[in-house]
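Below: one structure, written as structure tokens.
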Amino acid sequence: DGKKVIDISSYANRMSVINNEDVTAQYYLDDLIKWGNYGFDYTTGVNGMRLLVPRYLSVEGKDLKDYAQTDEEYNTLVNNLQVAAQSLFQNYTEYTKYLKQYEDGNTNIKYCYRIVTDGQTSYYTNLKEDVRRMSTDDITSLFSGYQRFVAYNNDKMQISTNTLLDANNLRNAISAYEYSFEDNSRVWIAVGDTYPYSDILLEGKLRYEENVPYFWAALVIAAACVILHILAIGTLTKYEGRTCIDDRVIITLKKGDRVPLEIFILLCVICYMAAMMGGVACVSCLVDRTLGVSVVTVLFAVLALLCNIFFLALYLCLVRKIKSGRIFKDSLIAMLLRKIHDAFIETYDNGQLMTRTWLPYLLFLTMNLVLVLLGVFGIAIAFVMDMIIGGYLYKQNKERQRIIDAIEHIKGGDFSYKVEMSRMHGENRILANSVNSIGTSIQKAVETSMKDEKLKADLITNVSHDIKTPLTSIINYVDLIKREDLNDPKIQNYIQVLDAKSQRLKQLTDDLVEASKISSGNISLHFERINFVELINQSFGEFSEKFDQKGLTVIKNLPEKPVYIMADSRYIYRVIENLYNNIYKYALEGTRIYLDMEEDVAEKKVTLSIKNISAQPLNIKAEDLTERFIRGDVSRKTEGSGLGLSIAKNLTQALNGEFEICLDGDLFKVLLNFKTVE
1 DGKKVIDISS
11 YANRMSVINN
21 EDVTAQYYLD
31 DLIKWGNYGF
41 DYTTGVNGMR
51 LLVPRYLSVE
61 GKDLKDYAQT
71 DEEYNTLVNN
81 LQVAAQSLFQ
91 NYTEYTKYLK
101 QYEDGNTNIK
111 YCYRIVTDGQ
121 TSYYTNLKED
131 VRRMSTDDIT
141 SLFSGYQRFV
151 AYNNDKMQIS
161 TNTLLDANNL
171 RNAISAYEYS
181 FEDNSRVWIA
191 VGDTYPYSDI
201 LLEGKLRYEE
211 NVPYFWAALV
221 IAAACVILHI
231 LAIGTLTKYE
241 GRTCIDDRVI
251 ITLKKGDRVP
261 LEIFILLCVI
271 CYMAAMMGGV
281 ACVSCLVDRT
291 LGVSVVTVLF
301 AVLALLCNIF
311 FLALYLCLVR
321 KIKSGRIFKD
331 SLIAMLLRKI
341 HDAFIETYDN
351 GQLMTRTWLP
361 YLLFLTMNLV
371 LVLLGVFGIA
381 IAFVMDMIIG
391 GYLYKQNKER
401 QRIIDAIEHI
411 KGGDFSYKVE
421 MSRMHGENRI
431 LANSVNSIGT
441 SIQKAVETSM
451 KDEKLKADLI
461 TNVSHDIKTP
471 LTSIINYVDL
481 IKREDLNDPK
491 IQNYIQVLDA
501 KSQRLKQLTD
511 DLVEASKISS
521 GNISLHFERI
531 NFVELINQSF
541 GEFSEKFDQK
551 GLTVIKNLPE
561 KPVYIMADSR
571 YIYRVIENLY
581 NNIYKYALEG
591 TRIYLDMEED
601 VAEKKVTLSI
611 KNISAQPLNI
621 KAEDLTERFI
631 RGDVSRKTEG
641 SGLGLSIAKN
651 LTQALNGEFE
661 ICLDGDLFKV
671 LLNFKTVE
């Protein structure tokens with residue numbers, strides 16, 4: 001009804017209570033709808049005020065400024081006019097859309113709406129029957145003939161239906177249009193079962209009938225998929241983050257796992273909201289028929305896949321956090337608490353004595369005074385706080401007692417005793433660290449002194465024994481030579497013995513001098529590029545005859561291509577020579593010697609391994625064999641100074657290499673490691 005009169009203030013504020021004294025104006029419905037469609041134009045008045053161009057006049061033929069006495073009233077009228085015109089235009093657009101969509105021949109939905117305005121009854125329906133000549137009961141009877149129907153009396157909040165809807169459902173559905181329901185308004189809606197028209201109901205019916213035969217099969221497949229999904233999630237949960245290294249299972253984190261817990265929860269909420277909004281959008285497109293069922297199905301599938309990917313990633317991240325025990329450690333709250341704790345400890349540990357003493361005391365005193373002023377509740381809090389401070393002071397004194405006990409242990413000769421200081425702070429921690437350092441220093445000094453005394457004793461005992469033996473032989477054989485004919489073969493044998501013993505004495509003297517130089521660092525090194533493989537082959541050739549004499553078989557596993565290292569050729573040869581001599585003297589006759597060389601290209605390192613079986617039981621620690629004057633032959637029946645391995649180790653370290661001895665029963669193994677060069 002284009003000539004229907006609309007009060008713009010009442011309509012604009014229809015959802016709220018307005019004052020009857022408020023200024024208003026009345027316009028025809030047709031004019032307001034057109035005005036909402038064409039828009040609003042403004043001009044500037046003589047006083048600079050913004051004025052609405054009167055595209056249409058009121059029912060009385062006036063402009064809005066004719067109704068307003070103040071600028072405020074005029075602006076209110078303009079606002080009410082805009083709200084009313086825009087809302088009516090939107091409602092009219094919606095009305096024309098649905099009028100066409102639900103007219104007879106386009107939909108399987110039947111409807112009838114009755115409204116009484118100014119005593120005149122109007123009907124809006126898409127039924128072919130003339131409902132204007134029928135009573136409300138007759139109309140209800142007509143609609144009840146359809147498969148599903150609803151008859152709603154807005155005045156009495158009554159509903160007659162064979163559906164699950166109730167009066168509250170209808171009330172909520174039409175609440176936005178409450179202003180359109182006057183007294184004696186009625187609503188009838190029905191859906192038949194013949195579906196003569198092609199609309200969303202028919203499409204839904206056909207889709208339903210297409211899928212009903214496959215319902216149980218789909219249900220079984222869905223149940224199987226759910227079970228498989230649960231098993232997959234369980235398997236991923238069990239093995240996620242686990243990595244096996246050297247038969248040990250460790251939990252490894254990925255780059256994104258360091259995200260704080262709060263941000264992680266926020267991401268979960270965002271993903272959940274996005275999934276819900278996507279699902280609602282898909283349903284809306286299906287209901288409004290803006291997209292086909294097939295397209296919506298594909299969109300649902302894509303949405304489900306994306307949701308699964310994102311939620312699975314977040315879930316597995318949570319699993320790794322829980323397994324590694326970092327779910328709360330990486331949270332923003334935990335980080336803030338650690339910062340506060342570290343700042344307090346840093347201030348406490350590094351503050352001056354006056355600050356650490358008086359500042360906490362004054363703070364404690366101030367808090368007590370403030371809490372006492374709060375009454376009984378504050379006094380209770382102060383009591384709890386005082387008990388906590390008392391416990392803290394007890395803890396401090398207990399830590400000091402532990403420090404005193406440690407001093408008593410060290411005083412009694414237990415230099416290895418240590419104060420547990422993991423939970424100590426401030427002066428107690430400094431004092432405990434000092435006490436531990438004193439005990440460690442005294443223990444090291446005692447061990448060094450005892451070792452030096454032992455070495456001195458070994459030096460006197462071993463050197464005197466090793467020098468005395470060849471000297472005795474020399475003296476005796478010289479005396480025999482004096483009594484015999486020099487041309488006698490026995491004399492020649494004596495001379496050979498003298499020569500051997502004198503050479504041994506010379507070698508012992510040289511070893512002592514060289515060991516002394518190496519220990520003091522008084523040697524000159526000339527580094528050059530050396531083929532380590534060629535050096536091993538050459539040095540082995542010089543000892544092959546000696547090894548053959550004792551039936552020692554050498555098994556070599558050396559690289560075919562050259563391996564170069566930086567070393568002094570003289571001293572690296574001396575290292576290999578000492579190791580070969582050690583094998584010749586102490587290896588079990590008739591056994592094998594293994595020479596293995598491995599190059600680690602990635603680490604730029606080469607390792608030489610020399611293994612043999614000892615003729616004597618090795619009842620000694622591996623590290624002791626490289627000490628000076630220590631020999632594998634405890635009975636000292638073999639010739640040797642006990643300096644060979646010590647010299648070899650010290651020379652290897654001087655050449656920037658690594659020297660290691662390993663013992664496994666009677667198996668003697670030496671490892672030499674050097675850095676390789678191009």
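Residue numbers (this note's numbering): 1 to 678. No residue lacks a Cβ here, since even glycine has one placed at the ideal position from N, Cα and C. Quantities reported herein were computed from a predicted structural model and do not represent experimental measurements.
C662 is bridged by DSSP to K669.
For I410, the enclosing alpha helix (DSSP H) covers residues 376–411. Residue pairing by DSSP puts E598 in a beta bridge opposite T607.
A distance below 7 Å between beta-carbons, with the five flanking residues on each side excluded, links F40 to the following residues of its chain, in chain order: L52, Q82. In the displayed model, V187 falls within a strand according to three-state DSSP. C282 sits away from F310, with the two beta carbons spaced by 7 Å or more. Beta bridge pairing from DSSP links S122 with I115. In the three-state reduction of the DSSP assignment, D7 falls in the strand class. Leaving aside the five residues that flank H526 on each side, the residues in its chain whose CB is nearer than 7 Å to its CB run, in chain order, D568.
Distances from the CA of P260 to each of I381, R326, D414 were compared; the closest alpha carbon is that of R326. Taking all protein chains shown into account, C662 has fewer than 16 neighbouring C-beta atoms within 10 Å of its C-beta and is therefore exposed. Nearest to M276 by C-alpha distance, out of P213, A304, G590, is A304. Under the criterion of beta carbons closer than 8 Å, S185 and V131 do not qualify as touching, at roughly 14 Å.
In the DSSP annotation of this structure, the continuous segment of the beta strand (DSSP E) that includes Y27 starts and ends at 26–28. In the DSSP assignment, Y195 falls outside any alpha helix (DSSP H), carrying neither H nor E. Listed in chain order, the non-local C-beta contacts of Y477 below 6 Å within the same chain comprise Y494, V497, L498, local neighbours out to five positions each way being set aside.
Counting every other CB atom within 10 Å of its CB across the protein chains shown gives I536 a total of 16 or more, marking it as buried. Three or more Cβ pairs closer than 8 Å define a contact, and the region 362–377 falls short of that threshold against the region 400–415.
Y56 is positioned such that its CB atom lies no closer than 7 Å to that of D30. For S160, the enclosing beta strand (DSSP E) stretches over residues 158–161. The straight-line gap separating the alpha-carbon atoms of L369 and F383 is approximately 12 Å.
The C-alpha of K418 is placed about 53 Å away from the C-alpha of F547. When secondary structure is reduced to three states using DSSP, A445 falls in the helix class. For V131, no beta strand (DSSP E) segment is defined, and its DSSP state is neither H nor E. The region 150–157 and the region 185–194 touch, with no fewer than 3 CB-CB distances between them shorter than 8 Å. Taking Y92 as reference, the option from E72, T43, L393, D1 with the minimal CA-CA separation is D1.
Checking the DSSP bridge columns, you'll see C285 has no partner listed. Check the Cα spacing between L318 and each of I200, E240, C244, L373: the tightest is with E240. Between the C-alpha atoms of M450 and K444 there is a straight-line separation of about 10 Å. DSSP places F149 inside the beta strand (DSSP E), whose first and last residues are 148–153.
The Cβ neighbour count for N582, taken over all protein chains shown within 10 Å, is at least 16; the residue is labelled buried. A direct Cα-Cα distance of roughly 27 Å separates Q69 from K34. Straight-line spacing of the CA atoms in E72 and Y95 works out to 34 Å.
A406 sits away from V446, with the two beta carbons spaced by 7 Å or more. Just so you know, the alpha carbons of E528 and D664 end up roughly 35 Å apart. Following the DSSP letters along the chain, one finds N91 inside the alpha helix (DSSP H) bounded by residues 71–101.
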